[in-house]
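Enquirer:
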Amino acid sequence: MGTKIVIYLLLFPLSFLPMPCLYGLAKLIRFFLYRIFRYRLKTVRTNLANAFPNASESDLLNIEKKYYAHLCNLFMEGIKMLSLSEKEVMKHYYCKNPEIVNTYYKQNKSVILLSGHYNNWEWMVLSLDKQFNHHGIGVGKENTNKSFEKTINQFRTRYGTEVVFAKNIRETMKQYDIEQKACAYMMLSDQTPANVHKSFIVDFLNQKTDMIYGGEYFAKKYDYPVIYYVVKQKRKGYYECEFTLITDKPSQTAYGDIIHAYVHHLEQDIINQPEYWLWSHKRWKHKSLISN
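Mapping the sequence shown onto my numbering, position 145 (from 1) lands on 145, and the numbers just tick up by one.
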């Protein structure tokens with residue numbers, strides 16, 4: 001109940017403020033988060049140092065400062081998501097080449113969209129069902145705060161996107177495949193896997209990394225085309241998605257090929273503009289298990 005009160009009586013009214021005002025608040029939040037509370041600063045610095053071992057201290061510090069600015073802007077954009085109209089979100093979140101996805105709708109084929117926690121992903125969830133001809137499904141990890149998850153998902157799904165927890169995606173895919181319903185499954189596969197023993201180990205950002213295998217597994221199981229997309233910030237509050245086909249014949253690929261291609265694309269995007277990735281996430285907490 002307390003979570004609902006915070007969302008509906010504080011965050012929802014706050015979301016109606018113009019974006020410049022919200023970004024102004026983001027600067028204030030950044031001061032406290034970064035300078036006073038030093039939110040996950042040790043994690044951020046460790047992740048950056050391990051990912052870029054040849055970078056100078058000044059370069060790492062520059063990325064660090066930019067990251068916290070981005071993180072706070074992202075938080076305010078998450079609040080803005082609560083009241084963004086359909087027209088507004090389509091204006092702020094533009095897909096550059098949606099035909100790469102839509103061509104498979106004409107063949108009544110579902111697709112798997114792989115990306116990472118890079119730039120703004122919440123607005124993609126919000127607009128997913130409107131961006132393509134496919135039925136949009138966002139696949140995600142269930143939040144430990146179930147009240148928060150339930151309430152936020154009501155906002156995320158108001159324009160038609162369906163949100164499915166990872167633990168339920170097997171049944172959802174099976175049902176829609178039986179119904180021959182063409183869906184676009186959005187999967188952010190760069191989070192730490194729940195079970196390291198069911199993950200796929202890759203070299204990512206200069207270290208052994210356990211990756212979620214689900215995207216490749218389901219692509220091969222149903223022979224769904226796999227498409228990578230990157231979210232680029234054109235200017236503050238305006239994003240552009242660009243899509244790249246990984247394969248439209250996943251059942252013919254070798255084990256691990258899809259994940260390796262995904263990791264290659266994501267890594268290059270992070271290297272190009274590192275401040276937009278989620279560095280405060282404890283991404284390599286399974287490192288000791290991987291090495292063993």
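Virtual Cβ for every residue (Gly too), placed ideally from N, Cα, C.
What you are looking at is a predicted structure, and each value in this text was computed from that prediction instead of being measured.
(1) Are the beta-carbon atoms of W277 and H117 separated by less than 9 Å?
(2) For the alpha helix (DSSP H) that F218 lies in, which residues bound it at each end?
(3) Have a look at the DSSP bridge pairing and note the partners of E240.
(4) To the nearest angstrom, how far is it from the Cα of P13 to the Cα of K80?
(5) Along the chain, where does the alpha helix (DSSP H) that runs through K208 open and close?
(6) I'd like to confirm the pairing. Which residues does DSSP put opposite H135 in its beta bridges?
(7) Within a Cβ cutoff of 7 Å, which residues of the same chain sit near D223, ignoring the five residues on either side of it in sequence?
(8) Count the other CB atoms, across all protein chains shown, that sit within 10 Å of the CB of F200; report buried if there are 16 or more and exposed otherwise.
(9) Give the straight-line distance between the Cα atoms of G2 and K150, rounded to the nearest whole angstrom.
(10) Inspect the beta-carbon positions of S110 and C183 and report whether they are closer than 9 Å.
(11) If H260 and V202 are in contact, beta carbons under 8 Å, what's the gap, nearest whole angstrom?
(12) Could you check the C-alpha separation between Y68 and Q268 for me, to the nearest Å?
(13) Around the Cβ of R283, are there at least 16 other Cβ atoms within 10 angstroms (buried) or fewer (exposed)?
(14) Since S189 contacts L128 with CB under 8 Å, what's their CB separation in whole angstroms?
(15) What residue range is occupied by the uninterrupted beta strand (DSSP E) comprising D203?
(16) Please state the DSSP three-state secondary structure of S85.
(17) Given a threshold of 16 other Cβ atoms within 10 Å of its Cβ, counted over all protein chains shown, does A49 qualify as buried or as exposed?
(18) Pull up the distance between the alpha-carbon of C241 and that of V230, whole angstroms please.
(19) Could you have a look at T253 and say whether DSSP puts it in helix, strand or coil?
(20) Counting C-beta neighbours from all protein chains within 10 Å, is the total for A254 16 or more, i.e. buried, or is it exposed?
(21) On the CB-based measure, 16 or more other CB atoms within 10 Å of its CB, does E179 come out buried or exposed?
(22) Indicate whether the contact test is met: 3 or more Cβ pairs, each with one atom in the region 205-219 and one in the region 58-67, closer than 8 Å.
(23) Hey, how far is the Cα of K130 from the Cα of S288?
(24) Using a Cβ-Cβ cut-off of 6 Å (strictly less than) and excluding sequence neighbours within five positions of I29, which residues of its own chain qualify?
(25) Verify whether the separation of the beta carbon atoms of V89 and L33 is less than 9 Å.
(26) So which of E216, E142 and E86 has the shortest CA-CA distance to R158?
(27) Any idea if E77 is buried or exposed, counting beta-carbon neighbours within 10 angstroms, 16 or more meaning buried?
Expert: The relevant details are as follows:
(1) On the sequence shown, position 277 is the one that residue 277 refers to. On the sequence shown, position 117 is the one that residue 117 refers to. Yes; because the gap between Cβ atoms is below 9 Å, this pair is in contact.
(2) Against the sequence shown, residue 218 aligns to sequence position 218. First-last of the alpha helix (DSSP H) with F218: G214 to Y222.
(3) The residue labelled residue 240 in the question sits at position 240 within the sequence shown. Its beta-bridge partners are Y94 and K232.
(4) In the sequence shown, the residue the question calls residue 13 occupies position 13. In the sequence shown, the residue the question calls residue 80 occupies position 80. Going from the Cα of P13 to the Cα of K80 covers about 10 Å.
(5) Residue 208 sits at position 208 when you count from the first residue of the sequence shown. No alpha helix (DSSP H) holds K208; the beta strand (DSSP E) holding it covers Q207 to M211.
(6) As a working note, residue 135 is residue 135 in the sequence shown. Per DSSP, C183.
(7) Here the question's residue 223 lines up with position 223 in the sequence shown. Cβ within range, chain order: P250 and S251.
(8) Taking the first residue of the sequence shown as 1, we reach residue 200 at position 200. Buried: at least 16 other Cβ atoms inside 10 Å.
(9) For this step, residue 2 is matched to residue 2 along the sequence shown. For this step, residue 150 is matched to residue 150 along the sequence shown. Each residue's alpha carbon lies about 13 Å from the other.
(10) Locating residue 110 in the sequence shown gives position 110, where the first residue counts as 1. Locating residue 183 in the sequence shown gives position 183, where the first residue counts as 1. Against a cut-off of 9 Å, the Cβ pair of C183 and S110 comes out as a contact.
(11) Counted from its first residue, the sequence shown places residue 260 at position 260. Counted from its first residue, the sequence shown places residue 202 at position 202. So it is a contact: roughly 6 Å between Cβ atoms.
(12) Indexing the sequence shown from 1 puts residue 68 at position 68. Indexing the sequence shown from 1 puts residue 268 at position 268. The straight-line gap from Cα to Cα measures roughly 21 Å.
(13) Numbered from its first residue, the sequence shown carries residue 283 at position 283. Burial call: buried.
(14) On the sequence shown, position 189 is the one that residue 189 refers to. On the sequence shown, position 128 is the one that residue 128 refers to. Contact doesn't hold; Cβ gap of about 16 Å is too wide.
(15) Along the sequence shown, one-based indexing puts residue 203 at 203. F200 to F204 is the extent of the beta strand (DSSP E) around D203.
(16) Within the sequence shown, the letter at position 85 stands for residue 85. In the structure shown, S85 sits in coil (DSSP, three-state: anything other than H, G, I, E or B).
(17) The sequence position of residue 49 within the sequence shown is 49, counting from 1. Counting Cβ neighbours within 10 Å, A49 comes out exposed, since fewer than 16 surround it.
(18) The sequence position of residue 241 within the sequence shown is 241, counting from 1. The sequence position of residue 230 within the sequence shown is 230, counting from 1. Taking the straight line from one Cα to the other gives about 6 Å.
(19) Residue mapping note: residue 253 aligns to position 253 of the sequence shown, counting from 1. Reduced to three states, the DSSP call for T253 is coil.
(20) Residue numbering aside, residue 254 sits at position 254 when the sequence shown is read from its first letter. Exposed, by the Cβ-count rule.
(21) For the purposes of this step, residue 179 is taken as the residue at position 179 of the sequence shown. It is exposed - the Cβ of E179 has fewer than 16 other Cβ atoms within 10 Å.
(22) no
(23) For the purposes of this step, residue 130 is identified with residue 130 of the sequence shown, where counting begins at 1. For the purposes of this step, residue 288 is identified with residue 288 of the sequence shown, where counting begins at 1. K130 and S288: Cα-Cα distance of roughly 42 Å.
(24) Indexing the sequence shown from 1 puts residue 29 at position 29. Cβ within range, chain order: C72.
(25) As a first step, residue 89 is located in the sequence shown; it is residue number 89 there, counting from the start. As a first step, residue 33 is located in the sequence shown; it is residue number 33 there, counting from the start. Not in contact: V89 and L33 (Cβ atoms no closer than 9 Å).
(26) Taking the first residue of the sequence shown as position 1, residue 158 is located at position 158. With distances taken between Cα atoms, R158 lies closest to E86.
(27) Here residue 77 refers to the residue found at position 77 when the sequence shown is read from its first residue. Its Cβ being crowded by 16 or more others within 10 Å, E77 is buried.
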